[in-house]
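S.K.:
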Ligand code: AMP
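In my numbering, the protein residues as written are 576 to 845.
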């Protein structure tokens, strides 16, 4: 199957997008860190409905990993990613770290509002890393539409806030979570789990659904520990858009918990 062409520089990306635009095409972007699975491919399909040309970026962004996190062991599988995409994408943008963060790089975008709390309580630098790289990718690619997964619900709200605040001329679309047969949200990090860990992981979505039904965060936390999670960072019911205290609806239940060194997140309507 024909794999999309890979470009590694912002200049080459811009040139290709400019040529599509001059031919009147709408352009969509799907930012990823690679190790693509069916969740990522669903974002590509969603983008294809909204744009004639689809760019997938594949960049393991060092700025969103803390020193003790899994940046070095994060899977890097560019060749098989390209094969998985096949004709579904028109172009892969796979820059080296130096292309995105050249010597002397000194800018950081910090979002407050939806970035406060939850993930930030446990990964304090995470959203500054995400916001900076997403802004760079959006400015480099200049897409009409960019699609992000609801899997990373807080990230999706942060990206919406960021693009609104900077008046970036792009529509941000959220796509539903793609799950395994037992309901586990697909994630590149699921590959870190052994058989026992994988069985425990499958309980996360089940517990969250029940905790949402009960409206009980403390019950959810305890149930996750009893299901075999080593620790629970949070189980929280929040306003779905602001991620502040849940007052009216829509509300979202969000959780992060660890199995060994592997940290899993999930969320759903509450
Ligand atoms: P990542 O490569 O993990 O940074 O994810 C890239 C994009 O894919 C993000 O917008 C994620 O929210 C999205 N994504 C990851 N896993 C899933 C999933 N299981 N279902 C839907 N979207 C996902």
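Here a beta-carbon is modelled for each residue, glycine too, at the ideal position from N, C-alpha and C.
Computed from a predicted model, the values in this text were never measured in an experiment.
What would DSSP say about residue 751, mapped onto helix, strand or coil?
M.R.: coil
S.K.: According to DSSP, is residue 833 helix, strand or coil?
M.R.: strand
S.K.: Go to residue 604, then tell me how far its beta strand (DSSP E) extends in each direction, as first and last residue.
M.R.: That run of the beta strand (DSSP E) goes 602 to 607.
S.K.: For residue 819, which of 781, 767, 721 and 693 has the nearest alpha-carbon?
M.R.: 693
S.K.: Could you give the residue range of the alpha helix (DSSP H) that holds residue 588?
M.R.: 585 to 597
S.K.: Mapping DSSP to helix, strand and coil, what is residue 582?
M.R.: Residue 582 falls in the strand class under three-state DSSP.
S.K.: Measure from the alpha carbon of residue 752 to the alpha carbon of each residue in 760, 839 and 731, then state which is nearest.
M.R.: 760
S.K.: Pull the bridge partners of residue 809 from the DSSP assignment, please.
M.R.: Answer is 831.
S.K.: At 4 residues or longer, what runs of the alpha helix (DSSP H) sit wholly inside the segment 623 to 666?
M.R.: 653 to 660
S.K.: For the pair the segment 672 to 692 and the segment 610 to 617, tell me if three or more CB-CB distances fall below 8 Å.
M.R.: no
S.K.: Leaving out five residues before and five after residue 646 in sequence, what residues of the same chain have Cβ atoms less than 6 Å from its Cβ?
M.R.: 637 and 640
S.K.: Return the first residue and the last residue of the beta strand (DSSP E) that residue 742 is part of.
M.R.: Counting along the chain, residue 742 falls outside any beta strand (DSSP E), and DSSP gives it neither H nor E.
S.K.: Measure the Cβ-Cβ separation of residue 696 and residue 779 and say whether it is below 8 Å.
M.R.: no
S.K.: Does the pairing of the segment 830 to 838 with the segment 801 to 808 give three or more beta-carbon distances under 8 Å?
M.R.: As far as the Cβ criterion goes, the segment 830 to 838 touches the segment 801 to 808, which means the pair count is three or higher.
S.K.: Can you tell me whether residue 760 sits near ligand 1, meaning its C-beta is under 7 Å from at least one heavy atom of the ligand?
M.R.: Result yes, Cβ under 7 Å from ligand 1.
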